[in-house]
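A.B. asks: Take the sequence shown: its position 40, counting from 1, is numbered 40 in the numbering used here, and each next residue is one higher.
All C-beta atoms in this analysis are idealised placements derived from N, C-alpha and C, irrespective of residue type, glycine included.
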Amino acid sequence: MKKFIALLVTLSFLSITLSQSNLGTLKGKIIDSTTGEALPFVNIKLSQNSKIVFGAASDLDGKFTIAKLNPGNYNLE
Numbered sequence: 001m002k003k004f005i006a007l008l009v010t011l012s013f014l015s016i017t018l019s020q021s022n023l024g025t026l027k028g029k030i031i032d033s034t035t036g037e038a039l040p041f042v043n044i045k046l047s048q049n050s051k052i053v054f055g056a057a058s059d060l061d062g063k064f065t066i067a068k069l070n071p072g073n074y075n076l077e
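#1: Taking only the alpha-carbon atoms, compute the straight-line gap between Asp32 and Asp59 and give it to the nearest angstrom.
#2: Which of the three DSSP states, helix, strand or coil, is assigned to Leu26?
#3: How many Å lie between Lys29 and Gly72 at the Cα?
#4: Looking only at its chain, what residues have a beta carbon closer than 8 Å to the beta carbon of Leu39, apart from the 5 residues adjacent to it on each side?
#5: Helix, strand or coil: how does DSSP classify Gly36 here?
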């Protein structure tokens, strides 16, 4: 019984460790600065050291999501 409990605790810690990730997600909404209306189909790009590394487009409501980002500094255009 002690071996079973030890195995269960070990597997729990292992699953927690493996499930953690350093990848992030960037979510936002593009709006017109004058009218405040959402802007659909706007191209969004993330660049790092003058290289485009990720891109997306806003949906009908002006929302966008860029997933699986590595930690670091990016320029958003």
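C.D. replies: Inspection of the coordinates gives the following:
#1: By one-based count along the sequence shown, residue 32 stands at place 32. By one-based count along the sequence shown, residue 59 stands at place 59. Rounded to whole angstroms, Asp32 to Asp59 spans 14 Å at the Cα level.
#2: Here residue 26 refers to the residue found at position 26 when the sequence shown is read from its first residue. Reduced to three states, the DSSP call for Leu26 is strand.
#3: The count along the sequence shown starts at 1 and reaches residue 29 at position 29. The count along the sequence shown starts at 1 and reaches residue 72 at position 72. Cα to Cα, Lys29 sits roughly 21 Å from Gly72.
#4: By one-based count along the sequence shown, residue 39 stands at place 39. Only Ile30, Ile31, Asp32, Ser58, Gly62 meet the Cβ criterion.
#5: Start at 1 with the first residue of the sequence shown, and residue 36 comes out as number 36. Gly36 falls in the coil class under three-state DSSP.
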